[in-house]
Amino acid sequence: MNSENFFQHVKASLEKEVKRFECIGSRYNMSYCILLIYHESQDDVSHLVLSNIRCADSFMKIDEHHYAVVFFSNREDSYSILSNKLMYSIESESKGKTSIGAACSNFEDNVVLAAVQNLLEAKSLDYNIIID
2 MNSENFFQHV KASLEKEVKR FECIGSRYNM SYCILLIYHE SQDDVSHLVL SNIRCADSFM
62 KIDEHHYAVV FFSNREDSYS ILSNKLMYSI ESESKGKTSI GAACSNFEDN VVLAAVQNLL
122 EAKSLDYNII ID
């Protein structure tokens, strides 16, 4: 799947949740973040992601290798804290390359596009990495 098709696929998968977070965020002046996670092995790491997020956060399994978390950012480094927790948890429990692309509404106008670009950059590297 080329990068444009991948972007459209992710955008369609996240559309409902992003609109919900944008609406609530604008009403209460809160920013939100998206973490896109790629895990190359056949292991389903959903349980690892779910065990590390808060109850108000939104989790989606996009396909067999891609996952997303949408959450409100209560601190400027919230995405960094959560992405590091997720990377550690996945690396500890499952083999295979893991890439995470992060983007937040307080830094980006198009959060989904920024998260996809960051994930694609992370996937292009030969090691586990988080790009924001």
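Our numbering applies: residue 2 is where the sequence shown begins, and numbers increase by one.
Glycine included, C-beta positions come from ideal geometry on N, C-alpha and C.
Assigned with DSSP and collapsed to three states, K96 falls in coil, not helix or strand. For A103, the beta-bridge partners assigned by DSSP are L36.
8 Å or more divides the Cβ of V117 from the Cβ of F22. With 16 or more other Cβ atoms from the protein chains shown falling within 10 Å of its own Cβ, D133 counts as buried.
In the three-state reduction of the DSSP assignment, Y128 falls in the coil class, being assigned neither a helical nor a strand state. S90 is not a Cβ neighbour of V71, given a cutoff of 8 Å. Boundaries of the beta strand (DSSP E) around H67: 67-74. Setting aside the 5 residues that flank it on each side, N119 is surrounded in the same chain by G102, A103, A104, I132, D133, each with a C-beta closer than 7 Å to its C-beta; the list follows chain order.
DSSP places F60 in the strand class (E or B) of the three-state scheme. Going by DSSP, V46 is part of no alpha helix (DSSP H) at all; its letter is neither H nor E. Of F73, H48, T99, E122, the smallest CA-CA separation from K20 is found for F73.
Taking 8 Å as the cut-off, the Cβ atoms of S100 and A123 count as close. Residue nearest to S93 within the set I54, L49, S79 is L49 (criterion: CA-CA distance). No Cβ-Cβ contact shorter than 8 Å links M61 with S106.
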